[in-house]
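Residue numbers (our numbering), protein chains in the order written: chain B, 1 to 364; chain H, 365 to 492. Notes follow the structure.
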């Protein structure tokens with residue numbers, strides 16, 4: 001595999017800031033700009049920003065758009081009644097396996113925008129196009145590679161954004177979580193992947209560098225995908241390819257809340273989700289000993305075996321945490337043992353999220 | 365790249381300083397900590413244990429990965445830097461000041477076969 005890595009419109013900015021670059025889903029992305037832990041704390045305590053332009057926006061438009069998405073997605077876009085509302089959903093295969101997780105924005109009558117993961121974008125586009133043909137829906141599908149995306153996150157994120165784009169304030173001040181507003185050529189959404197307040201801003205690629213530099217000038221820290229991963233893990237947010245993939249259902253991935261089973265809506269994967277018996281559940285772990293939980297570590301308990309799907313060191317909590325597939329009988333408060341480099345270490349089972357708005361949610 | 369001239373090195377990225385009292389101090393190089401990123405956990409060997417050259421004797425873990433530490437020469441552990449267990453970031457801050465353990469060599473001749481600064485620098489450059 002020697003396909004050249006893809007670069008976002010902000011690539012030169014990352015190089016200029018001395019980023020350590022890494023291959024993420026075929027994209028050359030910043031892992032950190034010096035210290036991943038410092039960047040993590042900046043987001044929890046103040047404000048940080050991430051280049052997430054590797055994610056793909058796909059506009060779905062036309063008279064059949066809503067019906068198409070009600071068939072395509074496990075959550076029900078009929079909930080999106082007000083322009084700007086956003087909805088988190090899984091996109092399932094017929095066997096109930098998770099093809100991707102994504103956010104759908106309602107941009108207006110018969111206009112939706114999906115934002116999908118970078119690593120799955122090509123596969124998603126092919127899948128969506130195939131369903132489109134089979135259903136003969138009256139829609140247009142438009143991948144928006146012309147857009148860049150910057151996530152500004154942290155308790156000070158919104159005020160710093162308003163400081164550099166004051167004209168957006170009136171349009172975005174009233175936004176609640178999972179609501180977005182168009183502001184000129186930008187779409188500003190009160191969403192994120194860190195467990196903090198903030199905005200995700202989609203804008204045309206040629207305007208991305210100016211916004212990035214202005215935010216930097218306002219004291220917003222450039223943060224890499226390393227900090228993004230520890231922030232989302234503390235916030236108990238799933239990462240596609242680790243916590244769920246095509247081999248598991250949303251029920252087995254802690255995402256039952258995103259599957260809308262009300263009524264008779266015949267979405268792809270519905271029958272499988274209803275009939276396939278879950279094999280395990282996703283719960284949180286806190287390591288009680290020194291070491292670091294990491295994905296693919298095996299674990300055991302009196303109820304059976306399991307596996308860590310995402311694990312890392314939590315900078316906010318100062319200890320290692322994880323999401324893990326555990327036997328269905330396992331309960332928060334239980335203890336399990338994790339095989340860390342040949343030793344069985346004790347971990348406590350907890351509900352996640354672990355951290356919300358800068359505060360620990362762990363039982364005292 | 366920071367590679368002090370007065371130290372010896374291994375191809376597994378440990379540095380070795382010969383102390384006046386005959387023991388050697390061991391840590392990981394600036395290059396190693398740079399590859400690992402923020403360190404969050406250091407596991408040192410127990411004082412009194414003996415190791416053969418090349419044997420695993422400790423672990424450093426960063427947010428990104430775990431990495432074994434190998435005994436650069438054969439010997440007995442005579443001291444460990446306990447400060448690192450609560451402050452592993454000291455290795456990131458100054459890799460050559462943050463020694464991990466001190467070893468009393470059983471075969472000081474092994475020191476001669478270790479890399480010098482220019483040899484280690486070449487090794488790192490060859491890694492790209």
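Note that beta-carbon positions come from the ideal geometry of N, C-alpha and C, so glycine has one too. If you're wondering where the values come from, they're calculated on a predicted model, not measured in any experiment.
Asked, Found
"Residue 33 of chain B in three-state terms, based on DSSP", "coil"
"Among B:256, B:284, B:318, B:88, nearest to residue 104 of chain B - alpha-carbon criterion", "B:88"
"Where the beta strand (DSSP E) through residue 181 of chain B begins and ends", "180-183"
"Residue 372 of chain H to residue 440 of chain H span [Cα, whole Å]", "18 Å"
"Residues within the region 290-306 of chain B neighbouring chain H, beta-carbon criterion of under 8 Å", "290, 291, 292, 294"
"Chain H contacts from the region 30-59 of chain B (Cβ-Cβ distance under 7 Å)", "32, 35, 36, 37"
"Chain-ordered chain B contacts of residue 474 of chain H [CB-CB under 9 Å]", "Within chain B, no residue comes near residue 474 of chain H; the closest Cβ sits about 27 Å away, beyond 9 Å."
"Burial state of residue 425 of chain H (16 or more Cβ within 10 Å)", "buried"
"Pairwise C-alpha distance: residue 487 of chain H and residue 445 of chain H", "27 Å"
"Outcome for residue 296 of chain B when other beta-carbon atoms lying within 10 angstroms are tallied against a minimum of 16", "exposed"
"Range covered by the beta strand (DSSP E) that runs through residue 57 of chain B", "56-61"
"Residue 322 of chain B in three-state terms, based on DSSP", "strand"
"Contacts around residue 291 of chain B, its chain only, beta-carbon distance under 7 Å, and the 5 residues preceding and following it disregarded", "320, 340, 345"
"Interface flag, residue 262 of chain B vs chain H, CB-CB below 8 Å", "no"
"Beta-ladder partner(s) of residue 162 of chain B, from DSSP", "In the DSSP output, where bridge partners are listed per residue, residue 162 of chain B has none listed."
"Chain H contacts from the region 304-326 of chain B (Cβ-Cβ distance under 7 Å)", "312, 313"
"Test: residue 230 of chain B CB closer than 8 Å to a CB of chain H", "yes"
"Residues bridged to residue 340 of chain B [DSSP beta-bridge criterion]", "B:343"
"Identity of the residue in B:68, B:46, B:52 nearest residue 147 of chain B by Cα", "B:52"
"Contact list for residue 407 of chain H against chain B, beta-carbon separation under 9 Å", "290, 291"
"Which listed residue (H:390, H:395, H:400) has its alpha carbon closest to that of residue 430 of chain H", "H:400"
"Beta carbon proximity, residue 226 of chain B to chain H, threshold 8 Å", "yes"
"Cut-off 6 Å between Cβ atoms - residues of its own chain near residue 232 of chain B, not counting five sequence neighbours on either side", "193"
"Buried or exposed by the 16-neighbour rule on C-beta atoms within 10 Å, applied to residue 312 of chain B", "buried"
"Closest by C-alpha distance to residue 331 of chain B, when choosing among B:309, B:343, B:304, B:318", "B:304"
"8 Å Cβ cutoff, residue 341 of chain B in contact with chain H", "yes"
"Beta strand (DSSP E) segment containing residue 101 of chain B, residue limits", "98-108"
"Residue 188 of chain B versus residue 163 of chain B: straight-line alpha-carbon distance, rounded", "15 Å"
"Separation of residue 201 of chain B from residue 106 of chain B, as counted between CA atoms", "15 Å"
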